[in-house]
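Working notes, structure below.
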Amino acid sequence: MQPTITQYTPTHWKPLWQLRFTHLAEQGIIGPDDIIPTVPGLPEHDRYERDLNRIDEVYLSGGGGFWLAWQREEPVGYVGGQDLGSVIELRRMYVKATHRRQGIGGLLVQALIDHCRANGMPVIELWTEEHGLGQLLYTRLGFQQVPTPGPGFEEVDQATHRAPNPEEIRMRLVL
1 MQPTITQYTP
11 THWKPLWQLR
21 FTHLAEQGII
31 GPDDIIPTVP
41 GLPEHDRYER
51 DLNRIDEVYL
61 SGGGGFWLAW
71 QREEPVGYVG
81 GQDLGSVIEL
91 RRMYVKATHR
101 RQGIGGLLVQ
111 ALIDHCRANG
121 MPVIELWTEE
131 HGLGQLLYTR
141 LGFQQVPTPG
151 PGFEEVDQAT
161 HRAPNPEEIR
171 MRLVL
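In the working numbering, the protein residues as written are 1 to 175.
Written as structure tokens, this is what we have:
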């Protein structure tokens, strides 16, 4: 069965967080289920999961966006694109372990690519593990490895509140 890719709406808040906690559990980070935020927003000084808690500000403004993949009404993946002014930073790419290697990641990223093209965004960049499956996916979709963030991405670490780890590489897709 082909998954359905939908743009995020406020009705997806709880399923998004349930999927986020599944992602954390796959990484060995377990927390109580009752800590799922009931509504968007956090105090400004709180940086924990800031982008997801302020999804409307981080992903849904400008040329950005956020998408979920659904299989039989169950969320199985997500991807976000953050508008950094005139370029998009791909963030939060995730597919549930039980649904990987089925083309869902490609469909999610393609939704972001199509959205960027339709909105005149010229470039998408991202960080990914150098020898991970993500690199294979992004290469297949046309991304190329680059040595450093390109024009428009100079302040990417500050804008995303995230610094790359030493095992990550930078990739770019010119649209």
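Cβ coordinates follow ideal geometry from the N, Cα and C atoms, glycine included.
Residue i and residue j closer than 7 Å at C-beta
i	j	result
Tyr94	His161	no
Leu90	Leu126	yes
Ile169	Ile124	no
Ala111	Ile5	yes
Ala159	Leu60	no
Arg172	Val146	yes
Val76	His99	yes
Glu129	Glu154	no
Ile104	Pro3	yes
Cys116	Leu175	yes
Gly152	Ser86	yes
Ala97	Glu26	yes
Counterpart residues of residue i in DSSP-defined beta bridges
i	result
Gly62	Bridge partners of Gly62: none, in fact.
Tyr78	Leu68, Tyr94
Thr9	Paired residues: none, contrary to the question.
Thr4	Trp70
Ile88	Asp83, Ile124
Residue i to residue j span [Cα, whole Å]
i	j	result
Asn53	Pro15	13 Å
Asn119	Gly63	6 Å
Gln82	Val58	6 Å
His45	Met1	With a pLDDT of only 47 at His45, under the threshold of 50, the placement of this residue in the model should not be trusted, and no figure is reported.
Ala163	Asp51	14 Å
Gln232	Met121	The chain is shown only over 1 to 175; residue 232 falls outside these bounds and no answer can be derived.
Ile8	Trp17	Before going on, a small fix: residue 8 reads as Tyr here, not Ile. Distance between the alpha carbons of Tyr8 and Trp17 is about 12 Å.
Leu136	Gln102	14 Å
Whole beta strand (DSSP E) runs in the stretch 95–172 with 3 or more residues, listed along the chain?
-> 123–129, 144–146
Does the pairing of the stretch 141–149 with the stretch 56–70 give three or more beta-carbon distances under 8 Å?
-> no
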